[in-house]
Structure formats: C-alpha cells, structure tokens
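Residue numbers (the numbering used here): 62 to 404. Each residue gets a CB set at the ideal place from its N, CA and C atoms; glycine is no exception. Report on one structure; see the data block that follows.
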Ligand code: PHE
C-alpha cells in the first residue's frame, strides 16, 4: 500500500511537470496513463491486493489521480484545438455575437394593420364577427335574394349538419351584425377571413381576407365615400396614386361603384396584373341600400351611409408585388423572411 501511494505521488509529479506539446506526445501520454494497458488500468488492478480496511482510502487516492490524469489530457487536447471540445473552448471574444432569427409579421397582417391604422385616423374602429355565419347575416339581411348566384353551392361552403350555417363569403356580414346592435353614428372597419368554394390557383383561393368598412350617420354622401377611399389609397400607395370609380352592382348598396387604382406593378404600361389596361380594381363600394338600413330598424329618411369591401391579398399584391395567392398560406420561410422590417 505504502509503495503504491508513493508510486502514485511520483506519477502526479510527472504529470504536473509535462509541458503540453504536439499531438503525438499527447497520444503517447494517453496510451501511457489512460490506455487499456496503461498505468491507470494497472493501478486499478492493484485494488484486489489492498487490505479490506484500506480499500476505501486507496480508492479515493486512485480516483483523484484518475481525475488529474484525465483533466491533463483534456486541457492538453483543447490547447491543440482539435476535436469538438477543442473548438467549443476556443473562444474568440472579438467575434460578433450570433444573431438569433427573429420572427416576422405575415404580409397579410402587415397590410391589415396598416389599413386599420389609416381608417383609425379617420375615426373608424375595428369590429369583428364570426367566420361561421348564418344565412341571415351573410345573405338575407344584405338584400341578397334567395336566387342570388353568390348563394350557389359553387361559391359558398355550407355546413352539412346545419343547413342555415355557412362559412362567411364576405366581411359584409359584420356590417349586418353591427347595425343589428348599434345605432348611428356607426363608423367601423372589419378585417377578417372569408371563404369561397374556389379551386386553388395563383389567382384564386378557398379562403382569403377582406376588410369591410361602414359609415352610417346623417348627411353621409357619395362625396364622403369618394374622399374617404381616395385618402385611403393615397396613404397606402402614395400621393401619386390615381383612382377611378366604375358603376357596379351589389345588392346591399345603391348606387354601387368599384374603385380602380393605376397599376402599381407596371406603372400603367400594361402587365398581366392589370390585364394590360393600366388599372387594377381594388374594392367594391356604394351607398348602403335603404332596405338594408330598414332591415335593422334604422330610419332611412334620416340616415344614410356608405360601405366598402376590399381584398387584403390584392392590396398586398400591389404593394409587395406578390404574384401568386398560394404564397400567403404556404408558410415558406423564404417568402415570409422577406417581410422582416417591412411596413
Ligand atoms: N362584399 C362585397 C364583396 O365581397 C364588397 C362590398 C362591400 C361591396 C361593401 C360594397 C359594399 O365583393
């Protein structure tokens, strides 16, 4: 036992005296001390010769020595910069820190927030409604007659178990819900997801996003509608934007108009987005149909209003030149990352 302890002491001193150098010397050290036929192994083998009452003490000494021999090996190896441990420990404090990828807002969210913000400055507040709607709020209250083509199975997702329920086809249903519970003055903006039974392609999708607007008060005129929407597109696309209104038809507005802006993609020279006309339709609008006001007990002799509805994807397409509707829902980070810091 005495001899063994002395021997270990000597080895310790030897190790302390080693100045680490090349990989070959390190390997020789490993074989001599830590190898399968090395010193560590043969010392452990001595354990069986140690008297029982000294086994514990010897075990401790042996353990300490083993740790010393191993940590020498690790330090030596790291100082050579080899192996994974070597790399991990080779810290270069002058390197810039690792940047963690941060999330981005989805372009639909960005544009939706911007729309809400612009109308917010005009006094419109956000109203929301359910995506699973009933026939009344999506169609009947909006003056869409029983035989209107929009009610066709081709356009609307109906819910089998509940024939009166459907996935809303437009955010105009929130107009209906608001007029049901609120009396004029009403000034709301309703962003949300809508559904239509379309085959998915670059130009159509079974769900997309709209923002509805509704303003009902005394003396609201078509001039107010035009000026409000003109202000909106100027804020959204810049002061140089040109607009035109075309007469149109919606069952819940009279008169109705669609608004076009000059194509932001080609600048008017003609492209596939504007179908070579230089103009792109961005929204439907009109004066709220008196019948609709009456449906909700609002006196149509006293009050008038305007409403409009736009597709957020379309605004997004013109703002960021996104040419395929499917990109919005594919969750491809290469697409989404491009909106880091975008406004
Ligand atoms: N709801 C119409 C659509 O989805 C848009 C619209 C809204 C038109 C409000 C006029 C007034 O196409």
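Proximity test, residue i beta-carbon vs ligand 1 heavy atom, cut-off 6 Å
i: residue 289; result: no
i: residue 347; result: yes
i: residue 231; result: yes
i: residue 311; result: yes
i: residue 368; result: yes
i: residue 239; result: no
i: residue 201; result: no
i: residue 314; result: yes
Bridge partners - residue i, DSSP secondary structure assignment
i: residue 311; result: 314
i: residue 321; result: 305 and 342
i: residue 166; result: Paired residues: none, contrary to the question.
i: residue 252; result: 272
i: residue 219; result: 227
i: residue 195; result: 226
i: residue 247; result: 277
i: residue 187; result: 250
Contacts around residue i, its chain only, beta-carbon distance under 7 Å, and the 5 residues preceding and following it disregarded
i: residue 324; result: 332, 334, 335, 339, 340 and 341
i: residue 164; result: none
i: residue 94; result: 100, 101 and 130
i: residue 123; result: 104 and 105
i: residue 140; result: 81
i: residue 318; result: 306, 307, 308, 309, 346 and 347
i: residue 73; result: 126 and 129
i: residue 230; result: 199, 211, 216, 217, 255, 256 and 257
i: residue 371; result: 271, 272, 343 and 344
i: residue 172; result: 373, 376, 377 and 380
i: residue 394; result: none
i: residue 382; result: 326
Sequence-distant residues of the same chain with beta carbon closer than 6 Å to residue i, five excluded per side
i: residue 388; result: 396
i: residue 79; result: none
i: residue 305; result: 321
i: residue 190; result: 234, 235 and 238
i: residue 351; result: 361
i: residue 379; result: 325
For residue i, the first and last residue of its enclosing beta strand (DSSP E)
i: residue 78; result: No beta strand (DSSP E) contains residue 78, which is instead part of the alpha helix (DSSP H) from 63-78.
i: residue 343; result: 340-349
i: residue 84; result: Careful: residue 84 lies outside any beta strand (DSSP E), inside the alpha helix (DSSP H) at 84-90.
i: residue 371; result: 365-372
Residue interval of the alpha helix (DSSP H) (run including residue i)
i: residue 136; result: 113-141
i: residue 240; result: 233-242
i: residue 297; result: 283-298
i: residue 416; result: Not covered by the structure: residue 416. The range shown for the chain is 62 to 404.
i: residue 106; result: 100-107
Close Cβ partners of residue i (< 8 Å) along its chain, the five nearest in sequence each way excluded
i: residue 186; result: 248, 249 and 250
i: residue 76; result: 94, 129, 130 and 133
i: residue 224; result: none
i: residue 490; result: Residue 490 lies beyond the range of the chain shown here (62 to 404); nothing can be said about it.
i: residue 146; result: Low per-residue confidence applies at residue 146: pLDDT is 49, beneath 50, and the placement is therefore not dependable, though the value from the model is reported in the following sentence. Here the set comprises 135, 138 and 139.
i: residue 69; result: 104, 122, 123 and 126
i: residue 90; result: 79, 133, 134 and 137
i: residue 167; result: 389, 397 and 400
Residue i at chain E interface by Cβ criterion, 7 Å
i: residue 350; result: No chain E appears in this structure, which consists of one protein chain only.
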